[in-house]
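*Asks:*
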Amino acid sequence: RSNMCQWQWLLVTWALSAPVMQIPTLHASRHVSVLAMVWVMLNVVLIGVEVWAVRPWECEPGPSYPPPTTPRLLIAASSMAYAFGGHGIYPEEFREMKQP
Numbered sequence: 027r028s029n030m031c032q033w034q035w036l037l038v039t040w041a042l043s044a045p046v047m048q049i050p051t052l053h054a055s056r057h058v059s060v061l062a063m064v065w066v067m068l069n070v071v072l073i074g075v076e077v078w079a080v081r082p083w084e085c086e087p088g089p090s091y092p093p094p095t096t097p098r099l100l101i102a103a104s105s106m107a108y109a110f111g112g113h114g115i116y117p118e119e120f121r122e123m124k125q126p
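Residue numbers for the sequence shown follow my numbering, so the first one is 27 and each next one is one higher.
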């Protein structure tokens with residue numbers, strides 16, 4: 027267990043992320059994206075190892091979920107649209123294009 031509080035971890039995360047936030051264009055961020063890709067692949071491998079070690083399909087009793095309701099479905103749809111929406115990247119792509 028860590029002795030740091032959540033707000034302290036947020037400050038550490040911000041301090042580590044601040045230099046990356048200063049990169050002005052997608053072209054300039056190509057070196058950082060390689061590092062990010064390595065971290066994502068490492069996370070995928072670690073999740074696979076955890077699933078293999080825990081074997082959640084063998085757990086009894088399995089998880090139970092409440093039945094879906096219309097408000098919950100709308101919240102889930104809006105959360106997915108927010109998480110996977112790429113609308114913020116299009117202006118940057120247009121600016122990076124040599125001849126639009």
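Where a beta carbon is used, it is the ideal one built from N, C-alpha and C, also for glycine.
Rounded to the nearest angstrom, how far is the Cβ of histidine 53 from that of glutamate 122, given a contact under 8 Å?
*Replies:* That pair is a contact at about 6 Å.
*Asks:* Look at the alpha carbon of cysteine 85 and the alpha carbon of leucine 36, and state the distance between them as a whole number of angstroms.
*Replies:* Answer to the nearest angstrom: the Cα atoms are 34 Å apart.
*Asks:* Below 8 Å between beta carbons: does that hold for serine 55 and isoleucine 49?
*Replies:* Result yes, Cβ atoms of serine 55 and isoleucine 49 sit closer than 8 Å.
*Asks:* Rounded to the nearest angstrom, what separates tryptophan 186 and alanine 41 at their Cα positions?
*Replies:* Since the displayed the chain opens at 27 and closes at 126, residue 186 lies outside it and no answer follows.
*Asks:* Identify whether serine 90 lies in helix, strand or coil by the three-state DSSP scheme.
*Replies:* Coil at serine 90, not helix or strand.
*Asks:* Locate the alpha helix (DSSP H) running through serine 55, then write down its first and last residues.
*Replies:* Premise fails: serine 55 is in no alpha helix (DSSP H) and is neither H nor E.
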